[in-house]
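Shown next, in structure tokens, is the structure this report addresses.
Chains as they are written, first to last, in this note's numbering: chain S, 1 to 175; chain Z, 1001 to 1175.
Structure follows, in structure tokens:
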């Protein structure tokens, strides 16, 4: 049997951080540039009110529909599928509006991933897979296999997990 | 850590078979009574055309919204949650319309199940749990833990798995 890789969507396959950055920059009084936003996390840059205003966008219908694909994800995942059983595992349950939007997003940008290999869940510790590629240390912490931390501004200081900085690095690590 | 139980929705928590039976009986020329429908599977009773007409209902918006709760499921699952980590694991990905409907159905009938413990997926072999309660032998076949086959007309002749005939029997087996 092929080894299994579970892959997170937000900030791994999809540039969700970039979507938040766009929304922030389109806001009334942005205090930072895109370059500054890409260097530090929103938690570090924004005060509590700004943070709440920005993140409530995640509950708006359509938020998950038009997020850009992370650079290199489509090519590398297609290549990973030749050697591994690849599953998409995304914590969609927290945002019920996202369920259909994420499903349609995957069908649009990753039509070669079968619905059998898509998982919407909350707690990723139930996944029985050899690898999990995720940007959130809390998901890697409870995962039983080998975790790969996909770099994002909000996990910049995390040192407990093997890190991949790009889809190119994922390919170098696993192919 | 508590042991984990993954529980299927259709024909285990939800009386999906009963919904199909209702739809059949409301059809133009039903040839069977409800009692007859409860004894044999639709595959045995219906010809190919009848079967196709009945099962295309599953793609209609709203199909999954108003299915009755299986007798005893609410009480037994609440009791299981005291001793186990209980996850709902349903193959919703095959019917994208069902995603939100299943989410809302669970919130309505099982409000004590947290969204963290809900899993919509296709291939259940990825679940890392001690138990899986499911009506489909194909899901138990690839499951790594102990499978419990929840009785339904379509699995009547299956002998390869430990069988539970009701939620009362689930309770007797696991509590």
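We treat Cβ as the ideally placed atom computed from N, Cα and C, and that holds for glycine. Just so it is clear, the structure is predicted and the values come from calculations on it, not from any experiment.
CB of residue i within 8 Å of CB of residue j, strictly
i                      : j                      : result
residue 1077 (chain Z) : residue 126 (chain S)  : no
residue 1059 (chain Z) : residue 1117 (chain Z) : no
residue 1131 (chain Z) : residue 1148 (chain Z) : yes
residue 70 (chain S)   : residue 167 (chain S)  : yes
residue 1103 (chain Z) : residue 54 (chain S)   : no
residue 1152 (chain Z) : residue 1137 (chain Z) : no
residue 129 (chain S)  : residue 87 (chain S)   : yes
residue 1007 (chain Z) : residue 1013 (chain Z) : yes
residue 1155 (chain Z) : residue 1135 (chain Z) : yes
residue 176 (chain S)  : residue 42 (chain S)   : Any answer about residue 176 (chain S) is impossible in this case: the structure gives chain S only from 1 up to 175.
Backbone secondary structure at residue i - three-state DSSP
i                      : result
residue 1157 (chain Z) : coil
residue 150 (chain S)  : strand
residue 6 (chain S)    : strand
residue 1118 (chain Z) : strand
residue 1113 (chain Z) : coil
residue 131 (chain S)  : strand
residue 1162 (chain Z) : strand
residue 1058 (chain Z) : helix
residue 63 (chain S)   : coil
Residue i to residue j span [Cα, whole Å]
i                      : j                      : result
residue 1171 (chain Z) : residue 1080 (chain Z) : 8 Å
residue 27 (chain S)   : residue 68 (chain S)   : 19 Å
residue 22 (chain S)   : residue 1036 (chain Z) : 60 Å
residue 85 (chain S)   : residue 105 (chain S)  : 20 Å
residue 1093 (chain Z) : residue 1030 (chain Z) : 31 Å
residue 141 (chain S)  : residue 157 (chain S)  : 15 Å
residue 169 (chain S)  : residue 91 (chain S)   : 24 Å
Pick from the options that is closest to residue i, judged by C-alpha positions
i                      : options                  : result
residue 107 (chain S)  : S:16, S:144, S:65        : S:65
residue 1073 (chain Z) : Z:1113, Z:1042, Z:1050   : Z:1113
residue 111 (chain S)  : S:18, S:75, S:19         : S:75
residue 133 (chain S)  : S:42, S:61, S:38, S:173  : S:173
residue 38 (chain S)   : S:18, S:5, S:142, S:90   : S:18
residue 1045 (chain Z) : Z:1024, Z:1061, Z:1057   : Z:1024
residue 89 (chain S)   : S:169, S:143, S:40, S:56 : S:143
Chain-ordered chain Z contacts of residue i [CB-CB under 7 Å]
i                    : result
residue 87 (chain S) : 1126
Chain-ordered neighbours of residue i on chain Z, where CB pairs are closer than 9 Å
i                     : result
residue 105 (chain S) : Going along chain Z, no residue has its Cβ under 9 Å from residue 105 (chain S), so there is no contact; the nearest lies around 12 Å.
residue 129 (chain S) : 1126, 1128
residue 144 (chain S) : 1128
residue 116 (chain S) : 1091, 1093, 1094, 1121, 1122, 1123
beta-carbon residue i near the ligand HEM non-hydrogen atom, thresh 7 Å
i                      : result
residue 1118 (chain Z) : With respect to the ligand HEM, the structure offers nothing, as it holds no ligand at all.
Proximal chain Z residues relative to residue i, where beta-carbon distance stays under 8 Å
i                     : result
residue 156 (chain S) : Neighbours of residue 156 (chain S) on chain Z: none; closest Cβ ~26 Å, over 8 Å.
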